[in-house]
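Take a look at the structure set out below.
Residue numbers (UniProt numbering): 1 to 1162.
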């Protein structure tokens, strides 16, 4: 592996090819030296691309490749400067063209020539590069045959034949849990068939994990299990590997079936149809198990064809698949069982694996190591911590350490990086390189670049793609309109699917943070070792190689500044990523900028920078500048405008930065300008010249500058009241912004008390909104504070309306005068998914026009008191949020949804032929004073409903359907608060009704009842019947509740809160469940004593506040399990010990954390 060039010597040439292309686009008269240079570099690029796919062992070839790479890098810098100079000259000439006669004179004087010229200094650089390439030429005929003769790395590393046989089952350590889980799935009854399953007779059980985690071994364990052998009539094992050829795989299935029946013969069929018929014959009517080991990528159609004969197998058949990539599994054709993700072994199991190999020959029968090796055990356990549970890594490092059982050797391994050691092809590094080799050359350099991040570093997709683009790693799509960032996002997705990146956890709530597994990070460092260097605390004694191109540093100590200063000697650096928690001074920065003029990426995050040197303007190649977190930075130098190639400027976390340089408008290639203070962006003079920007926030007075900004994807326009006429708005030319996805139009706050209503000019604002008609491809539209009365034509005219087929999200907020909201506009948006309407007091919609919201997922309406009804809502709706809306009832129907009526399902739409459930998962209703009933909605089939929150609906008299909510099988949270006219939370019980009727679903985990004057002991008891999953119960402001029912049946209850229940009597301990951990009693004025709590062995926290009638502590004391006690406003409990320390207060002395009247006792 030391001879593997990969990322170390590879040079893809993407940046050089792009630089040449951009230069040639700028000029029509090419200097004679240029074509000769282009021809030479193209030849060298071709050679390097061939070499990248091979294993080079010859030092002579490697040195030649390294020299070639350095020359091409210099050529890339050269062409990048040529393209930049040509572009700047043309831009200056164009600027001069606006001054008429002076422009003619200037051109004649050749101060700004119309045709870009090449300076004398640049010509000398071209000659030097040409000369260096000429020196390589004589060696090329010698090198090429050696490259051609070198073994192809993919061929050598991609094939690893596997079999169903285990060498020794007793040697397998761990995976017992995964094995039993898979066996349970394999032996389970066939999954209930649905109409979408097409009666397929088999299902797919995928095992997915990184290389080296033991997927094949686990599959072998399962395949050879005795229960599995007895269950299936036919078992077949096929190693798919990377060669996903349908004929080969079908042949091997047939031969595996032959072998299972004791016929060890080859399948000689060559015709595809005959081959499939033979396989069908082998599996027809049998319950089979097929293992497809090591599945790689192939098209869905291939798997569909391959699996056709398998449908003839008996129901209950299974296909067990191992793969490194979830995306590969998703391409398989068939019904999926639960995916088995295979991570690392447990600490105990991985130690056992390591122990077996590291101490081989020195282990006693009882598993302990011999006395001669016992001193190495602590070192071994520290090494094992680095293996991240990988059994293959444990075997590799264990075998290495076993070669020399000395403390010195083991310490050297512990303190070094095992990936730098020479390894065998079957060990952990080759296993990862196997996946790496399948990446394209472009993806390889993108992946290798990520070694600049520290281990476990969380990164966003957007930032990584921007870094790749800044380095010109992303190839432009040929023959498509796909931009480089879109292509870069596809690169990222591919690396994600190949498990080089790990996705955010599901509970991250939209947080777009990705990480690299440590072993994957090790691989990235290995393949980038010649190009990338990461400065960290433990590496500060090291010096980067002279060939290094990219450096990152996560530095915390000020005495490490010397190492940073030494980077000035690495003048070919292209990346400098710094996160530093100490001050990086003006002089240090100035030296860096003066020396490192080839930088393309510069990140100076948290460096306490107060002033940025003007020399930053000399960084002609710079494309990415991140100054995030420099909280003392007040201004940027005017020279920033010289950074013609700058694509990303991040100013997040610079609160003192109040003004941008007047030269900002010269940054014509800027795509992303990022700042928390959006007002900062409105200070840019000539913002319309920044035609490459993709996101922008401007004020109304800047509208006329937007006309040429055709690359915008997100546009926010605030302070639209500043627009003086519709002509100003027309100049924005929003209809021509074909890439625009998100448009936000905002007038200043129009709430009645926030400003003088006389300042609103409804007719002018109507004209402005009419002129701001967006492009038809827009996906999100947000309008806030609009003062007009009427809707614009593009929201009303059907011919215009039908064009907005891409619109997915609409929000209308604070439009207080809008009397005729766009019913026709909203109703005809067939693909609308999110609709939010707030603070529109004049909205009085009767939904006279048809509404087509088949795709609507979320509907939010707030503070629309004149809205008396809602349209028929779609069954796709997931979230309904209503606050202060004038409706009197909710529809008892959702379009096409079934209703539970007396236990019989009926369908609410004549268009639906069979009962169908709705997708509603969350229902929130508050302060709807006219609302009297919601039972019609709640009697629908709502299997996904997990949360109901209803509060402050003063006229709500009926909340639940006749049969209760027992049919809501997924309901987790129910809150009904301050709906004073509710006669009872439950429906009226009939005399003949069984007392055991389940009114609330057993799935309920959290129940809050507040402000219900009619709730009594009997009603509450019925509510709580059989709520075996309930974890939290809150009872508030229940005046008619005199006592609690027996809560012992609530076996999962952990939290009980009772507050403002003034009539409640003492709580009996026998009525409380032993699972209780948190108990709160608050504002219960008539509660005179505490219950005996000594038997609540799980109780951890007790809070009693403002219960002045409580006279004493429980006679049996407080439970020993109690960790937190908070007493407030209970004078009788505290007055005798008010000034005593906790140790002298026997009732609470054993409790670690005690707070009395907001005072913590010591």
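A virtual CB, placed ideally from N, CA and C, is assigned to each residue, including glycine.
- In the DSSP assignment, residue 206 falls within the beta strand (DSSP E) that extends over 202-208.
- The residue from 316, 359, 349 and 295 with its alpha-carbon nearest to that of residue 332 is 295.
- For residue 260, the enclosing alpha helix (DSSP H) starts and ends at 246-260.
- If you draw a straight line from the Cα of residue 67 to the Cα of residue 504, it comes to about 41 angstroms.
- In the DSSP assignment, the residues bridged to residue 502 are 515.
- Separation of residue 1030 and residue 1002 (C-alpha to C-alpha, rounded to the nearest whole angstrom) is 8 angstroms.
- With a 10 Å radius around the Cβ and a threshold of 16 neighbouring Cβ atoms, residue 307 comes out buried.
- Counting along the chain, the unbroken beta strand (DSSP E) around residue 1035 starts and ends at 1032-1036.
- According to the DSSP assignment, residue 347 belongs to the alpha helix (DSSP H) that extends over 347-358.
- Our two residues, residue 664 and residue 88, have alpha carbons roughly 15 angstroms apart in a direct line.
- The shortest CA-to-CA distance from residue 948 to any of 932, 650, 929 and 977 is the one to 977.
- With 16 or more other CB atoms across the displayed protein chains lying within 10 angstroms of its CB, residue 79 is buried.
- With respect to the 8 angstroms criterion, residue 1074 and residue 1097 are classified as neighbours on the basis of their beta carbons.
- Excluding sequence positions up to five before and after residue 1149, its CB lies within less than 8 angstroms of the CB of 1142 and 1143, all in the same chain and listed in chain order.
- For the 8 angstroms CB-CB criterion, residue 623 and residue 470 form a contact.
- A Cβ-Cβ distance of about 6 angstroms is found for the pair residue 51 and residue 65, placing them in contact under the 8 angstroms criterion.
- For residue 336, the pairing in a beta bridge is given by DSSP as 204.
- Scanning its chain for C-beta atoms nearer than 6 angstroms, with the 5 sequence neighbours on each side dropped, one finds around residue 351 the residues 384, in chain order.
- In the three-state reduction of the DSSP assignment, residue 641 falls in the helix class, which pools H, G and I.
- Within the UniProt domain "R13L1/DRL21-like LRR repeat region" (703-840), the complete alpha helix (DSSP H) segments of 4 residues or longer fall at 726-730, 762-771, 798-801 and 823-827, listed in chain order.
- Just so you know, the alpha carbons of residue 281 and residue 266 end up roughly 16 angstroms apart.
- DSSP places residue 26 inside the alpha helix (DSSP H), whose first and last residues are 14-26.
- The stretch 639-654 and the stretch 576-589 do not touch, with fewer than three beta-carbon pairs separated by less than 8 angstroms.
- Here residue 1036 has 1010, 1059 and 1060 as same chain residues with Cβ atoms under 6 angstroms from its own Cβ, once five neighbours each way along the sequence are excluded.
- Its Cα nearest to that of residue 92, the residue 667 stands out among 292, 667 and 921.
- Your pair residue 833 and residue 808 checks out as a contact, with CB atoms roughly 5 angstroms apart and the cut at 8 angstroms.
- DSSP assignment within the stretch 551-618 yields the following whole alpha helix (DSSP H) runs of 4 residues or more, N-terminal first: 561-566 and 586-595.
- Put simply, of 818, 732, 613 and 719 the residue whose alpha carbon is nearest the alpha carbon of residue 866 is 818.
- Distance from the Cα of residue 655 is smallest, within the candidate group 645, 679 and 1020, for 679.
- Residue environment: residue 410 is assigned as buried (16 or more neighbouring CB atoms within 10 Å of its CB, all protein chains considered).
- Look at the beta carbons and you see the stretch 355-362 not touching the stretch 316-331: under three pairs across the two are nearer than 8 angstroms.
- A Cβ-Cβ distance of about 7 angstroms is found for the pair residue 1129 and residue 1108, placing them in contact under the 8 angstroms criterion.
- By the C-beta density criterion, residue 35 is exposed, having fewer than 16 other C-beta atoms within 10 angstroms.
- Counting every other CB atom within 10 Å of its CB across the protein chains shown gives residue 390 a total of 16 or more, marking it as buried.
- In the same chain as residue 58, and ignoring 5 residues on each side of it, the C-beta atoms closer than 7 angstroms to its own belong to 146, in chain order.
- If you look at residue 122, you'll find it in the alpha helix (DSSP H) that goes 120-136.
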